[in-house]
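One structure below.
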Amino acid sequence: MKKVIHFFTRMCEAYLPDAFVFCLVLTLVVFMAAAVSTPHSPLSLIEFWGKDFWSLHAFSMQMVFVLITGHMLATTPLVNKMLLKLSALAKTESQGLILLSVFSILSCWINWGFGLIVSGILAIEIAKKLGKVNFGLFIATAYAGFLVWHGGLSGSIPLKIAGQDEILNRVYPDLSVPLTSTIFSNYNLMIVVLLLLALPLLAISMRTEDKINIHFHEEKKDIEVESKNFRDYLENGKFFSWIFFGFFIVLLFRLKSTFDINRVNLIFLFLAFFLHGTPRKFLHALQGSIGYSSGIIIQFPFYAGLMGLMQYSGLADKISEIFVSISSKDTLPVWTFLSGGIVNFFIPSGGGQWVVQGPIMLKAAQNLNVDPGKISMALAWGDAWTNLVQPFWALPLLGLAKIQLKDIMGYCLIFTVVSGIIISSIFYFS
């Protein structure tokens with residue numbers, strides 16, 4: 034195992050560029066593939082790329098809010114105190130990895146933005162407590178829990194199809210798929226449970242002697258100054274959090290909308306506001322959270338352009354149709370999962386991938402009489418699966434831990450292979 038990890042680490046050090054450069058390289062690869070395999074001219078392909086460059090503004094803002102509100106909630110005094118107590122349970126490196134893996138999976142299942150950041154904070158706290166650990170493995174283990182997000186409560190595809198989704202309704206008019214048939218289905222819960230058992234054991238098996246001492250400088254805490262004037266009185270006013278939390282409770286029960294991404298963001302935003310206590314502390318936490326979303330903000334337009342290039346050139350259709358052509362009723366969920374994992378390299382957005390691949394896979398499901406909810410979840414898990422080796426979503430965690438992508442990628446590759454076997458097996462046999 035140590036030799037395998039070192040091999041993958043050396044490969045990543047030599048060939049894996051920065052996440053933004055990775056996006057640029059993928060764009061050029063797709064452009065050349067489309068130029069060779071489709072009848073469109075290079076000028077038309079550039080037009081396709083630019084056509085959707087700004088098309089993910091709304092979705093980008095939703096994803097930014099997922100990450101920001103998750104981080105703000107993770108840094109509230111109550112949650113932070115809970116993490117310190119939780120980290121104290123780990124007496125050895127093995128115990129720390131098991132605790133971290135289980136916690137990361139469960140928290141990312143609840144909300145990926147919250148889980149991603151809070152798991153990173155817990156990894157750092159455990160590493161600081163133990164003193165000398167394989168820190169790259171700890172951060173990779175925290176990131177591996179992110180694998181379950183699209184099968185959890187903040188999964189964009191199951192939340193979309195729980196309402197009147199345009200993509201689903203193209204193939205199945207007026208159909209909505211309840212969460213009991215997706216997130217809370219037997220096969221989905223079985224995947225989560227098996228990963229909950231397998232990933233901690235896998236993390237322990239990847240321990241090496243490459244340990245380092247962990248030292249993090251404590252950041253300056255925001256000190257609530259005594260109110261000297263009316264402005265200070267307002268900024269330190271705890272009454273705001275109580276009043277607007279009351280608004281939120283009323284709104285939560287009166288809104289008739291489905292449990293979608295916007296509602297998840299609403300819940301985490303007002304919980305963070307309430308637990309931080311005052312507008313000043315809340316805004317201080319916001320300033321600390323904004324930086325982690327910079328990768329999403331700058332890279333999503335490029336991925337939107339890549340999405341347009343894949344869609345309008347017909348290249349995404351060709352990839353999906355290859356998998357559809359070799360599928361049967363029993364194997365379609367597996368091939369959907371695998372194709373979702375491949376396309377995710379080029380479109381690392383569950384919502385964007387749903388727009389591109391959803392209609393094709395749903396049409397195949399209809400022709401082969403396969404449950405559309407199951408096919409949708411197979412695509413969702415494919416999107417989540419290769420996130421472990423797609424550097425885009427690792428950026429916030431790497432920034433928090435102050436390490437580089439190459440430090441975790443060897444471990445992430447092994448997590449990816451093992452989890453892929455587990456997930457595809459469940460989709461085939463269930």
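In this text, residue positions in the sequence shown follow this note's numbering: the first is 34, and each later residue adds one.
Virtual Cβ for every residue (Gly too), placed ideally from N, Cα, C.
Looking only at its own chain, which residues have a Cβ that is under 8 Å from the Cβ of residue i, when we skip the five neighbours before and after it?
i      : result
CYS56  : GLN332, PHE335, TYR336, LEU339, PHE425
ILE237 : SER127, LEU130, ILE131
LEU348 : VAL63, ALA66, ALA67, SER70, THR71, LEU342
VAL58  : PRO50
PHE356 : TRP368, THR369, LEU371, SER372
TYR325 : LEU100, ILE101, HIS104, ILE150, LEU428, PRO429, GLY432, LEU433
ILE359 : TRP368
VAL422 : MET442, CYS445, LEU446, THR449
GLN472 : Outside the shown range of the chain (34 to 463) lies residue 472, about which nothing can therefore be said.
Got a sec? Which residues, its chain only, sit under 6 Å from residue i by beta carbon, not counting five neighbours each side?
i      : result
THR60  : LEU339
ARG313 : GLU268, ASN269
GLY185 : TRP142
VAL204 : LEU395, LYS396, GLN399
ASP440 : GLY169
LEU212 : ALA195
PHE460 : PRO366, VAL367, PHE370, ALA411
SER137 : SER152, ALA175, GLY178
Would you kindly work out how many angstroms separate the C-alpha atoms of residue i and residue j, rounded to a whole number?
i      : j      : result
GLU268 : PHE307 : 14 Å
ASN400 : ILE330 : 39 Å
PRO392 : TYR266 : 54 Å
ILE200 : SER458 : 27 Å
ILE224 : ILE455 : 7 Å
ASP363 : LEU430 : 37 Å
GLN390 : LYS351 : 10 Å
ALA231 : TYR48  : 29 Å
ILE380 : TRP87  : 14 Å
PHE462 : SER346 : 35 Å
VAL112 : GLU158 : 13 Å
VAL135 : THR311 : 32 Å
PHE41  : ARG240 : 15 Å
ILE449 : HIS39  : The sequence as given places Thr at residue 449; Ile does not occur at that position. Roughly 16 Å between the two C-alpha positions.
GLY328 : PHE53  : 8 Å
LYS114 : ILE247 : 20 Å
LEU119 : GLY453 : 30 Å
PHE272 : ALA121 : 34 Å
PRO206 : ASP404 : 15 Å
ARG264 : TRP145 : 36 Å
LEU465 : SER274 : Nothing in the structure corresponds to residue 465, since the chain is present only between 34 and 463.
ASN221 : SER361 : 21 Å
PHE281 : GLY164 : 42 Å
Spatial neighbours of residue i within its chain, please: C-beta separation below 7 Å, excluding the five flanking residues on both sides.
i      : result
ILE190 : HIS183, GLY383, TRP387, SER409, LEU412, ALA413
ASP85  : ALA337, GLY338, MET340, GLY341
PRO14  : This structure does not reach residue 14, given that the chain is present from 34 up to 463, and the question cannot be answered.
ASP243 : ASN167
GLY83  : GLY338
Do residue i and residue j have their C-beta atoms within less than 8 Å of each other?
i      : j      : result
PHE98  : ASN298 : yes
ILE143 : GLY188 : no
LYS162 : ALA107 : no
GLY443 : GLY415 : no
ALA156 : PHE179 : no
VAL166 : ALA160 : yes
PHE92  : PHE301 : no
GLY385 : LEU89  : yes
PHE277 : PHE303 : yes
SER218 : ILE194 : no
ALA175 : GLY153 : yes
VAL451 : LEU229 : no
GLN95  : ASN295 : yes
ALA417 : THR109 : no
With hydrogens ignored, establish whether the beta-carbon of residue i is closer than 7 Å to any heavy atom of the ligand SAM.
i      : result
LEU316 : This structure lacks the ligand SAM; in fact it carries no ligand of any kind.
- Task: Counting only runs of 4+ residues fully inside the segment 277–352, write out the alpha helix (DSSP H) ranges in chain order.
- Result: Uninterrupted alpha helix (DSSP H) stretches at least 4 residues long and entirely within the segment 277–352 occur at 294–309, 312–323, 327–346, given in chain order.
- Where are the alpha helix (DSSP H) runs, 4 residues long or more, that stay fully inside the segment 389–445, in chain order? Taken in chain order, the unbroken stretches of alpha helix (DSSP H) that lie wholly in the segment 389–445 and span 4 residues or more are 405–418, 428–434.
- Task: Could you tell me which uninterrupted alpha helix (DSSP H) segments, each at least 4 residues in length, are contained entirely in the segment 93–148, listed from first to last along the chain?
- Result: Here the runs fully enclosed are 110–120, 126–143.
- Task: Jot down the residue ranges of each uninterrupted alpha helix (DSSP H) in the segment 182–218, minimum 4 residues, whole runs only, in chain order.
- Result: For the alpha helix (DSSP H) assignment, the uninterrupted runs of no fewer than 4 residues enclosed by the segment 182–218 are, from N- to C-terminal side, 189–194, 199–204.
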